[in-house]
Amino acid sequence: MNGTPAPVVALRGVSRTYRETRALDGVDLDLAPDRIYGLVGRNGSGKTTLLSVIGQQVRPDRGGRVELFGRPGWENPEALSRTVLLRDRQRYPEEFRVRHVLDAAPAFYPGWDEELARGLAEDLRLPSRTRIKKLSTGQHTALGIVLGLASRAELTMLDEPYGGLDPVARELFYDRLLEDFARHPRTVVISTHLVDEVANLLDHVLLLDRGRLVLDAGLEAARASAHTVAGPAADVAGYLAERRLEQQVSREQRIGALRTVTVAAPHDDDARAAAARHGIEIEAVSLQSAVAAHGLVPVPADQLQNA
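Heads up: the sequence shown begins at 0 in numbering that gives the first Met the number 0, then just goes up one per residue.
Right, here's the structure in full:
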């Protein structure tokens, strides 16, 4: 036996096809307990489909396997009661008012925390008597945040939870998420485009590109999974050739005889030593830039160790 806890979610060979479009393509993924995951990728990369499969809202193609809390993840009401999935435009009965949604929530979420819900609703200035159909985009998002956090579900998935929120409200959401996570750890998956903004929340980064999982790494490994080099064009070319990275260049800029490139390959001791040999500068990149690099040039699986 080993001390590694069983995954909350385990996917093996999961695909999902819509007519001629393969939204997910052979995804293998484990989500560990008590971590915050960032799920990132371009529009249409498969993020919402992946969350929908995990949330038992979309059935995967035949041949793949989904397990939730160690059991088959389809038509599994026990797992469903331990899961919450909130979309960017969650649907509610239009004649409901905000207070009706919050009053009904305890029936669906066994871990519901009423005090947290009311406090969040007040902090986010959510009007309790307003009908759902009258809510602004930001208010609709705020309602989803309240449900997502106050449910205290063991598996909490938030799909683009910032539509219409101003920077102050987003920071409030991030602060409340971290505060409550510290008191009540669970597995949280946040699908987002605001990669650098949420970076300090994350333990782990998942990048989907055209339905494939191309990056699955701890936060620091994800940050170190790409780098930039800059210097005379001939020296940069020599560095790329020595390390066989010509096909891993995701972005480049030329100014006169100087060339700067971003490379979807680890920023490690070997890379720094090679850069020194060629007399060029090497720098780490932001998480956003690393994610963009892999989205443009998927890295071979053997070049990045999951962490």
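Even glycine gets a Cβ: it sits at the ideal position worked out from N, Cα and C.
Alpha-carbon to alpha-carbon, residue j and residue i
i: E170; j: L200; result: 11 Å
i: A5; j: E66; result: 11 Å
i: R117; j: Y17; result: 40 Å
i: R209; j: G43; result: 7 Å
i: G69; j: L10; result: 11 Å
i: I131; j: M156; result: 21 Å
i: I281; j: A141; result: 42 Å
i: L146; j: S249; result: 39 Å
i: A149; j: T261; result: 41 Å
i: K133; j: L123; result: 16 Å
i: T259; j: V194; result: 23 Å
i: E114; j: S51; result: 29 Å
i: G45; j: Y108; result: 27 Å
i: R271; j: G278; result: 10 Å
i: N305; j: E178; result: Residue placement at N305 is flagged as unreliable, the pLDDT there being 40, under the threshold of 50; the coordinate-derived value follows with that caveat. In a straight line, the C-alpha of N305 is about 27 Å away from that of E178.
i: D39; j: A103; result: A quick correction: the sequence has Val, not Asp, at residue 39. Distance between the alpha carbons of V39 and A103: 31 Å.
i: S288; j: R41; result: 13 Å
i: A273; j: D215; result: 26 Å
i: R86; j: T227; result: 35 Å
i: A31; j: R21; result: 26 Å
i: E251; j: T191; result: 26 Å
i: I189; j: D268; result: 32 Å
i: L79; j: F180; result: 20 Å
i: A233; j: L239; result: 10 Å
i: A173; j: R276; result: In the sequence as presented, Ala is not what sits at residue 173; that position holds Tyr. Going by the C-alpha atoms only, they are around 43 Å apart.
i: D112; j: A106; result: 12 Å
i: R185; j: L49; result: 19 Å
i: E94; j: V100; result: 10 Å
i: H293; j: L244; result: 13 Å
i: V187; j: E121; result: 23 Å
i: R253; j: L207; result: 29 Å
i: H266; j: S127; result: 50 Å
For residue i: DSSP bridge partner residues
i: H226; result: V262 and A283
i: P71; result: E66
i: P231; result: L257
i: R130; result: R96
Residue range of the unbroken beta strand (DSSP E) whose run includes residue i
i: V26; result: T20 to L30
i: S14; result: V8 to Y17
i: R250; result: V248 to I254
i: A216; result: R211 to G217
C-beta atoms of residue i and residue j nearer than 9 Å
i: R34; j: H203; result: yes
i: A223; j: L257; result: no
i: R319; j: A264; result: Here the chain has residues from 0 to 306 only, and residue 319 is not among them.
i: G309; j: G12; result: Because residue 309 is not part of the residues shown, which for the chain are 0 to 306, the question remains open.
i: E89; j: G143; result: Before going on, a small fix: residue 89 reads as Gln here, not Glu. Yes; because the gap between Cβ atoms is below 9 Å, this pair is in contact.
i: L286; j: L28; result: no
i: A168; j: G217; result: no
i: G62; j: S14; result: yes
i: V97; j: L119; result: no
i: V284; j: G37; result: no
i: H81; j: L154; result: The amino acid occupying residue 81 in the given sequence is Arg; His does not appear at that position. Yes, these two residues count as a Cβ contact at 9 Å.
i: A221; j: V290; result: yes
i: V8; j: G110; result: no
i: D158; j: T47; result: yes
i: V83; j: A152; result: yes
i: L23; j: P59; result: yes
Element boundaries [alpha helix (DSSP H), containing residue i]
i: A5; result: Taken as a continuous stretch (DSSP letters only), A5 belongs to no alpha helix (DSSP H), as it is neither H nor E.
i: R276; result: D268 to H277
i: D112; result: No alpha helix (DSSP H) holds D112; DSSP gives it neither H nor E.
i: L125; result: Here L125 belongs to no alpha helix (DSSP H), and DSSP marks it neither H nor E.
i: L244; result: L244 -> no alpha helix (DSSP H), and no H or E assigned at all.
Counting only runs of 4+ residues fully inside the region 153-214, write out the alpha helix (DSSP H) ranges in chain order. 166-182 and 194-197
Go through the region 32-106 residue by residue and report every complete run of the beta strand (DSSP E) that reaches 3 residues or more, in order. Counting only unbroken stretches of 3 or more residues, the beta strand (DSSP E) elements lying wholly within the region 32-106 are 35-39, 64-67 and 82-85, in sequence order.
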